[in-house]
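Heads up, the sequence shown is in UniProt numbering, so the first residue is 1 and it goes up one at a time. Glycine is no exception: its CB is placed at the ideal position from the N, C-alpha and C atoms. Keep in mind it's a predicted model, so treat the numbers as computed, not measured.
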Amino acid sequence: MNVLKHDLIIIGSGLAGLRAALEAAFLSKGELDIALVSKTQLLRPHSVCAEGGTGAALRIDEGDSPELHAWDTVKGSDFLADQDAVWRFVELIPQEILKLDHWGIPWARRENGKIDQRPFGGHSFPRAVFAADKTGFFEVHTMYDNLQRFPNIHRYDEVMVTSLIIEEGEYRGFTAIDLVRGEFLVFQSKAIIIATGGACRIYGFTTYSYTVTGDGMALAYRAGLPLKDMEFVQFHPTGFVPSGILITEAARGEGGYLINNLGERFMGKYAEKMMELAPRDIVSRSEMQEIEAGRGFTREDGLDYVLLDLTHLGREKINERLPLIREVAIKFAGIDPIEKPLPVRPVAHYSMGGIHVDIDGQTPVPGVYAAGEVACVSLHGANRLGTNSTAECLVWGGITGGKAYEYVKKQKAFPQLPKEMVLREEARINEIFNKPNKESLYTIRKELREIMDKNVGVYRDEKGLTAALNKVRELIQRFKDCGLEDKSKYYNTDLVSYLEMENMLTLAEIIVLGALERKESRGGHARRDYPNRDDENWLKHTLAYYTPQGPRLKYLPVKITTWKPVERKY
């Protein structure tokens, strides 16, 4: 048995994981033995795809404040956010922006040298700190560069975790596969931080990288940790048609217009005050209403769209502020946004839900933490504001890195490894290679994404969700007959797809069941048959627990400390 030991292990190398590693390294003065385990090459997390900015109240002298940022976040969340978490977030994120500045990130600057900020949807003040439209890329690289100071940070690239070992409520370790060598590995640590990102690859039309398959969420769930608010999936208003590539909200923050087939700038009908910069749930629903009313542009593949017009911004501004968007539009569709509008429609973009954690990022199991999109501290509630995701990764990456370091210091020995559980998992992985391949893994993946796109999108209803739940459960049964075409051990992408498919089916069932049970409309969860928000019955979080028969749902009160729910108007 190949057992690898480190004091603290972080699964995932995106913004939250890197920030956690840095915090633990700084606090221990480089003495803590830390490992980063990543399914991808370390510098290929989905975080590099974050474009528009990171939100922080920096301009107190100009009228912004942490209080205003908190109110915008709570209102944007459709009042499902835990307000204690929101307050902690808005107070800490300005410090994170300045830390990155000191660590060398090339933030955009005003002429006077101050860090620049631009408007973003749902924010009542321009507070998106940015580096052109490649903000996530520069944040990841800046933190990676600073990790080079610490020789005690070890990296395991292209290693996929297969199970989290929790026995009698105590964390014991985890198992993984070295994808390059095909070896089964066992990891032991005194604490662990899960920072594996979201799950939106369960949809077909999505902004997410192919690797974002909800692995950390599914691992935690199967190990007995509850998942929270999984029915709340964000649909970003500007997914590039037909690829789904993200056209950053910064394109509208810089002044872009949404146009229907009548040439109308239609957002005035839906959000008179904030127009294109209303929160994402409102803009996405508005676009779908325009398309369904016949005011969109049609395509044979069903990806009907509206237009995002940047032409009036001019060449100089687009090249300075939105260079990546121009490059993407030209490369993937042959459209230059300087000359022509871009075809866009709502696209699966973000998981508001995730592993249930407290305000410190601590799961119900001591020594197990989660940070970033994989976690649900409930900063975002039912709808995330743009720029708050990269900001959350920085804040709770830092918090969990610090808390995990404090926890590790108190542990005198590594937890005992239950060999039977390890051997059972190794046998399960080996059995995958021996299974007869009666069903196509890739047909099941295609059918899952089709039903999620069709029935669990921007708008939902009981009939569609029931059909989706039945379909997902049918696919779960059919998946049992899937095997591998490729039987080799080395870099077996067939095996990776199998394990990812298992995770996606697990999460799809939770998402659909939670959406079916929540009989109201709130934020990213819009029910045609229950069009109103119902605070009396549904101002609560959904918790999903694993059982062999399927998810068991419970509910948890929302923490309201400052603002009681009111009607959202923009």
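>> Buried or exposed, going by whether 16 or more other CB atoms sit within 10 Å of the CB of residue 151?
In response: Position 151 of the sequence shown, counted from the first residue, corresponds to residue 151. Taking all protein chains in view, the Cβ of residue 151 is surrounded by fewer than 16 other Cβ atoms within 10 Å, so the residue is classified as exposed.
> For residue 191, which option in 352, 361, 42 has the closest C-alpha, if you only look at C-alpha atoms?
Replying inline: Counting from 1 along the sequence shown, the entry for residue 191 is found at position 191. Checked all of 352, 361, 42; the closest Cα to residue 191 is 361.
> Nearest to residue 252 by alpha carbon, out of 307, 220, 301?
Replying inline: Within the sequence shown, numbered from 1, the residue matching residue 252 stands at position 252. Looking at the Cα atoms, 307 is the closest of the given residues.
> Which residues does DSSP pair with residue 354 in a beta bridge?
Replying inline: Stepping through the sequence shown from its first residue, residue 354 is reached at position 354. Per DSSP, 228.
> Secondary structure at residue 123, three-state DSSP: helix, strand or coil?
Replying inline: By one-based count along the sequence shown, residue 123 stands at place 123. The answer is coil: DSSP assigns residue 123 none of H, G, I, E or B.
>> So, with DSSP's three-state summary, where would you put residue 163?
In response: Here residue 163 refers to the residue found at position 163 of the sequence shown. Of the three classes helix, strand and coil, the one that applies to residue 163 here is strand, per DSSP.
> Does the segment 447-459 come within contact of the segment 391-402, defined as at least 3 CB pairs closer than 8 Å?
Replying inline: no
> Relative to the alpha-carbon of residue 168, which residue among 415, 17, 182 has its alpha-carbon at the smallest distance?
Replying inline: Here residue 168 corresponds to residue number 168 of the sequence shown, with the count starting at 1. That would be 415, whose Cα lies nearest to the Cα of residue 168.
> Counting contacts by CB-CB distance shorter than 8 Å, is residue 264 in contact with chain B?
Replying inline: The chain labelled as chain B is not found in the depicted structure, where only one protein chain is given.
>> Distance check for residue 70 and residue 87, CA to CA, integer angstroms please.
In response: In the sequence shown, counting from the first residue as 1, residue 87 sits at position 87. In the sequence shown, counting from the first residue as 1, residue 70 sits at position 70. Here the alpha carbons of residue 70 and residue 87 stand approximately 6 Å from one another.
>> What does the alpha-carbon distance come out to for the pair residue 82 and residue 104?
In response: The count along the sequence shown starts at 1 and reaches residue 82 at position 82. The count along the sequence shown starts at 1 and reaches residue 104 at position 104. In a straight line, the C-alpha of residue 82 is about 33 Å away from that of residue 104.
> Quick one, which of 95, 17, 376, 297 has its alpha-carbon nearest residue 233's?
Replying inline: For the purposes of this step, residue 233 is taken as residue 233 along the sequence shown, with counting starting at 1. Residue 233 has its Cα closest to that of 376, out of 95, 17, 376, 297.
>> Suppose contacts are defined by Cβ-Cβ distances below 8 Å. Is residue 439 in contact with residue 473 by that definition?
In response: Start at 1 with the first residue of the sequence shown, and residue 439 comes out as number 439. Start at 1 with the first residue of the sequence shown, and residue 473 comes out as number 473. Cβ distance not < 8 Å, so residue 439 and residue 473 don't count as in contact.
>> Quick check on the burial criterion: 16 or more other C-beta atoms within 10 angstroms. Buried or exposed for residue 214?
In response: Sequence index remark: in the sequence shown, residue 214 carries index 214 (1-based). With 16 or more Cβ atoms within 10 Å of its Cβ, residue 214 is classed as buried.
> Where does residue 148 land, buried or exposed, given buried means 16+ other C-beta within 10 angstroms?
Replying inline: Counted from its first residue, the sequence shown places residue 148 at position 148. Residue 148 comes out exposed.
>> What does the alpha-carbon distance come out to for the pair residue 265 and residue 443?
In response: Counting from one through the sequence shown, the residue named residue 265 turns up at place 265. Counting from one through the sequence shown, the residue named residue 443 turns up at place 443. Using only the alpha carbons, I get a separation of about 40 Å.
> Considering only residues of the same chain and omitting the five flanking positions on each side of residue 283, which have a CB-CB separation below 6 Å?
Replying inline: Counting from 1 along the sequence shown, the entry for residue 283 is found at position 283. Cβ neighbours of residue 283 beyond the five flanking positions: 237.
>> Starting from residue 605, trace the beta strand (DSSP E) in both directions and tell me its first and last residue.
In response: Residue 605 lies beyond the stretch modelled for the chain, which goes from 1 to 570, so this question has no answer here.
> With DSSP run on the structure shown, which of helix, strand or coil describes residue 238?
Replying inline: Position 238 of the sequence shown holds residue 238. Correct three-state label for residue 238: strand.
> Which partner residues of residue 37 appear in the DSSP bridge assignment?
Replying inline: Locating residue 37 in the sequence shown gives position 37, where the first residue counts as 1. DSSP lists 11, 156 as partners of residue 37.
>> When you compare the segment 372-386 with the segment 215-230, are there three or more beta-carbon pairs, one atom per stretch, that lie closer than 8 Å?
In response: Note that the segment 372-386 touches the segment 215-230; at least 3 beta-carbon pairs, one per stretch, sit closer than 8 Å.
> Can you give the beta carbon distance from residue 43 to residue 171, rounded, assuming they're within the 8 Å contact cut?
Replying inline: As a first step, residue 43 is located in the sequence shown; it is residue number 43 there, counting from the start. As a first step, residue 171 is located in the sequence shown; it is residue number 171 there, counting from the start. Between residue 171 and residue 43 the Cβ distance is about 28 Å, and since that is not below 8 Å, they are no contact.
>> Spatial neighbours of residue 116 within its chain, please: C-beta separation below 8 Å, excluding the five flanking residues on both sides.
In response: Position 116 of the sequence shown, counted from the first residue, corresponds to residue 116. Same-chain partners within the cutoff: 107, 108, 109, 110, 129, 130.
>> In chain order, what are the residue ranges of uninterrupted alpha helix (DSSP H) at least 4 long that sit wholly in the segment 461-486?
In response: 462-479
> What alpha helix (DSSP H) runs, 4 residues minimum, are completely inside the segment 267-339?
Replying inline: 280-292, 315-321, 323-333
> Under the three-state reduction of DSSP, which class applies to residue 72: helix, strand or coil?
Replying inline: Here residue 72 is taken as the residue at index 72 of the sequence shown, counted from 1. Residue 72: helix per DSSP, three-state reduction.
> Would you report the Cα separation of residue 268 and residue 372, rounded to the nearest angstrom?
Replying inline: Counted from its first residue, the sequence shown places residue 268 at position 268. Counted from its first residue, the sequence shown places residue 372 at position 372. Approximately 34 Å, taken between the alpha carbons.
> According to DSSP, is residue 456 helix, strand or coil?
Replying inline: Position 456 of the sequence shown, counting from 1, holds the residue named residue 456. Note: residue 456 maps to coil in three-state DSSP.
> If you pair each beta-carbon of the segment 483-497 with each one of the segment 42-58, do three or more pairs fall below 8 Å?
Replying inline: no
>> With a threshold of 7 Å on Cβ separation, who are the neighbours of residue 244 within its own chain once the five nearest residues in sequence on each side are excluded?
In response: In the sequence shown, residue 244 corresponds to position 244, counting from 1. Same-chain partners within the cutoff: 205, 206, 207, 347.
> Taking C-alpha atoms, which residue in 430, 548, 189, 528 lies nearest to residue 405?
Replying inline: In the sequence shown, the residue the question calls residue 405 occupies position 405. Out of 430, 548, 189, 528, 189 has the C-alpha closest to the C-alpha of residue 405.
> Are the Cβ atoms of residue 330 and residue 315 separated by less than 8 Å?
Replying inline: Within the sequence shown, numbered from 1, the residue matching residue 330 stands at position 330. Within the sequence shown, numbered from 1, the residue matching residue 315 stands at position 315. No; because the gap between Cβ atoms is not below 8 Å, this pair is not in contact.
> Contact between the segment 214-226 and the segment 317-325: three or more CB pairs below 8 Å?
Replying inline: no
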